[in-house]
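**Student:** According to my numbering, the stretch in the sequence shown is residues 1 to 342, in order.
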Amino acid sequence: MIDSTREEVLDLWHECFDVTPGFTALYFSAKWRPWRARVHREGGRVVASLLLVPYVAVVHGRRVGLAYVAGACTRAGYRGRGIMTRLVASSLVDARASGFALAALVPAGAGLFDFYRRAGFSAVFDLAVVEERDDPRPDASLPPTREATAGEAFAFLSSRVPAGGLRVLHDDADFAAVASELFLSGGAIFAALSPGGAIEGIALAVPDAGKVVVKESAFDTPAARVALSAAVAARWPGYAREWLGVTGGGVASRPYGMARVLDVATVARLYAAAFPFARRLFRVTDGVIPANSCDFLIEDGGARRVRRYANSPVQEMDIERLTAFFARADALHPPYMNLMMD
């Protein structure tokens with residue numbers, strides 16, 4: 001049986017995004033489920049749509065559900081009428097009712113960050129950018145390298161997820177789709193090996209517009225990092241290499257994605273458990289999800305709604321600022337999201 005909504009949304013993607021049929025076939029095979037689609041119809045035709053794709057996020061050491069907003073788009077003749085504003089708002093309400101504590105997305109262009117801020121999203125996800133222009137010199141002392149499978153890369157990267165901060169996770173099926181997209185685009189996965197043959201570094205690299213982008217990497221030693229760079233350079237000699245990763249250490253970065261708290265009570269409890277000596281009184285306003293608008297007291301490792309305190313200092317927080325506060329509370333572990341097939 002043909003899923004007509006799927007075909008209409010697929011057609012809308014090809015109208016609105018610069019994507020290949022190969023990419024959309026891969027993405028829809030991995031991510032499309034009818035119940036994830038939110039659409040707006042006029043005259044019986046889909047004119048705007050988005051997907052709510054379920055992910056898991058680690059928030060200060062605890063796992064919660066995260067709704068990833070994918071493929072938000074509106075047909076050209078219907079833009080500027082508030083259709084997507086209303087569709088995003090209703091989708092966030094639906095996601096909270098379905099038990100998701102957070103939402104996240106990657107704006108399709110720099111100009112859309114302000115649009116999503118108005119829906120309560122905060123630009124908390126940056127990617128560090130390290131550029132290399134010279135090919136590493138051959139060095140026999142470096143760890144050996146080889147190409148790795150998606151399963152090997154997933155196992156290695158998953159074992160090195162930090163416990164703190166806010167981090168969006170991939171499961172094995174999702175990572176397999178990410179790897180398939182990488183291979184479809186002519187990329188490869190490289191592994192650096194220990195003397196005993198164990199993997200001690202992974203890099204996912206793909207050529208893009210005259211350079212090679214290392215979209216994700218992790219390594220246990222500086223030597224493994226150099227070996228991976230040499231392996232990428234050997235595959236694409238003469239290409240500049242752009243390494244993306246976790247921010248910090250004074251490395252240049254660029255905006256990547258946004259997050260939003262959907263359930264203030266849940267996220268406040270996670271913060272309180274991670275910072276048991278913190279005491280804060282928030283007055284939260286959320287113009288999209290009214291249930292989040294209230295006073296929250298965080299103290300003694302717990303969080304609860306309270307009546308207004310007449311003589312206590314209150315931090316006034318809209319939902320965008322509150323999201324940024326919770327996401328960046330752990331100074332040692334900046335918020336991180338990557339490989340979202342954006």
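Ideal Cβ positions, reconstructed from N, Cα and C, are used throughout, including at glycine.
Can you say whether T85 is buried or exposed, counting buried as having 16 or more other CB atoms within 10 angstroms of its CB?
**Tutor:** Taking the first residue of the sequence shown as position 1, residue 85 is located at position 85. The residue in question, T85, is exposed, as its Cβ has fewer than 16 Cβ neighbours within 10 Å.
**Student:** In terms of alpha-carbon separation, which member of F23, P21, V130 lies closest to G250?
**Tutor:** Sequence index remark: in the sequence shown, residue 250 carries index 250 (1-based). The option with the nearest alpha carbon to G250 is V130.
**Student:** Report the three-state DSSP secondary structure of H14 (helix, strand or coil).
**Tutor:** Residue numbering aside, residue 14 sits at position 14 when the sequence shown is read from its first letter. It is helical.
**Student:** Classify R241: buried if its beta carbon has 16 or more other beta carbons within 10 angstroms, exposed otherwise.
**Tutor:** Here residue 241 corresponds to residue number 241 of the sequence shown, with the count starting at 1. Buried.
**Student:** Where does the unbroken alpha helix (DSSP H) through I319 begin, and where does it stop?
**Tutor:** By 1-based counting over the sequence shown, the position of residue 319 is 319. First-last of the alpha helix (DSSP H) with I319: 319-327.
**Student:** Looking at the secondary structure, which residues open and close the beta strand (DSSP E) in which S29 lies?
**Tutor:** Position 29 of the sequence shown, counting from 1, holds the residue named residue 29. Premise fails: S29 lies in the alpha helix (DSSP H), 21-31, not in any beta strand (DSSP E).
**Student:** Can you check DSSP and say which residues form a bridge with W243?
**Tutor:** Your numbering for residue 243 matches position 243 in the sequence shown. Beta-bridge pairing links W243 to V130, V214.
**Student:** Run the proximity test for E132: is its beta-carbon closer than 7 Å to any non-hydrogen atom belonging to the ligand NAP?
**Tutor:** In terms of ligand content, the structure shown is empty, and the ligand NAP therefore cannot be addressed.
**Student:** In whole angstroms, give me the CA-to-CA distance for G187 and N338.
**Tutor:** In the sequence shown, counting from the first residue as 1, residue 187 sits at position 187. In the sequence shown, counting from the first residue as 1, residue 338 sits at position 338. Approximately 16 Å between the Cα atoms of the pair.
**Student:** Can you list, in chain order, the residues of its chain with a C-beta nearer than 6 Å to that of M1? Leave out the 5 residues immediately preceding and following it.
**Tutor:** The residue labelled residue 1 in the question sits at position 1 within the sequence shown. Reliability of the predicted coordinates at M1 is poor, the pLDDT of 47 falling under 50, and the value obtained from them is presented with this limitation in mind. The answer is none, since no qualifying residue turns up.
**Student:** In its own chain, which residues sit with a C-beta less than 6 Å from the C-beta of F282, not counting the 5 before and 5 after it?
**Tutor:** The residue labelled residue 282 in the question sits at position 282 within the sequence shown. The residues are F296, Q315, M317.
**Student:** Counting Cβ pairs, one atom from each stretch, are 3 or more of them under 8 Å apart for the region 253-263 and the region 116-136?
**Tutor:** Touching, yes, given that three or more Cβ pairs across the two stretches are closer than 8 Å.
**Student:** Three or more beta-carbon pairs under 8 Å between the region 105-116 and the region 263-277, yes or no?
**Tutor:** With a cut-off of 8 Å, the region 263-277 and the region 105-116 do not count as touching, because too few Cβ pairs lie within range.
**Student:** Please go through the region 248-312 and give each complete alpha helix (DSSP H) segment of 4 or more residues, from N-terminal end onward.
**Tutor:** Counting whole runs of 4 or more residues, the region 248-312 contains the alpha helix (DSSP H) stretches 264-274.
**Student:** Which same chain residues, not among the five before or five after A153, have their C-beta less than 6 Å away from its C-beta?
**Tutor:** On the sequence shown, position 153 is the one that residue 153 refers to. Closer than 6 Å at the Cβ level, and outside the excluded window around A153, lie I189, I202.
**Student:** Check whether the region 174-186 touches the region 324-332, counting contact only when three or more Cβ pairs, one atom from each stretch, lie closer than 8 Å.
**Tutor:** Verdict: no, contact absent.
**Student:** For V226, which residues of its own chain have a beta-carbon under 7 Å away from its beta-carbon, when the five flanking residues on both sides are left out?
**Tutor:** The residue given as residue 226 occupies position 226 in the sequence shown. Around V226: P136, L142.
**Student:** Confirm, please, whether the CB-CB distance from L52 to K31 is below 8 Å.
**Tutor:** The count along the sequence shown starts at 1 and reaches residue 31 at position 31. The count along the sequence shown starts at 1 and reaches residue 52 at position 52. Cβ atoms of K31 and L52: not closer than 8 Å.
**Student:** Would you decide whether E147 is buried or exposed? Buried here means 16 or more other CB atoms lie within 10 Å of its CB.
**Tutor:** Here the question's residue 147 lines up with position 147 in the sequence shown. E147 comes out exposed.
**Student:** Which term fits R41, buried or exposed, when burial requires 16 or more other beta carbons within 10 angstroms of its beta carbon?
**Tutor:** Within the sequence shown, numbered from 1, the residue matching residue 41 stands at position 41. Under this definition R41 is an exposed residue.
**Student:** Please confirm whether S293 and V306 have their CB atoms less than 8 Å apart.
**Tutor:** Position 293 of the sequence shown holds residue 293. Position 306 of the sequence shown holds residue 306. No, Cβ-Cβ distance for S293 and V306 is not below 8 Å.
**Student:** When the Cα atoms are used, what is the spatial distance from G43 to V267?
**Tutor:** Counting from one through the sequence shown, the residue named residue 43 turns up at place 43. Counting from one through the sequence shown, the residue named residue 267 turns up at place 267. Looking at the two C-alpha atoms, the distance is approximately 41 Å.
**Student:** Between the Cα of V213 and those of S229, P222, D220, spot the shortest distance and give me the residue it belongs to.
**Tutor:** If you number the sequence shown from 1, residue 213 lands on position 213. Measuring from the Cα of V213, the nearest candidate turns out to be S229.
**Student:** Between Y78 and A48, what straight-line distance do the alpha-carbon atoms span, to the nearest angstrom?
**Tutor:** Locating residue 78 in the sequence shown gives position 78, counting from the first residue. Locating residue 48 in the sequence shown gives position 48, counting from the first residue. Cα-Cα distance, rounded: 8 Å.
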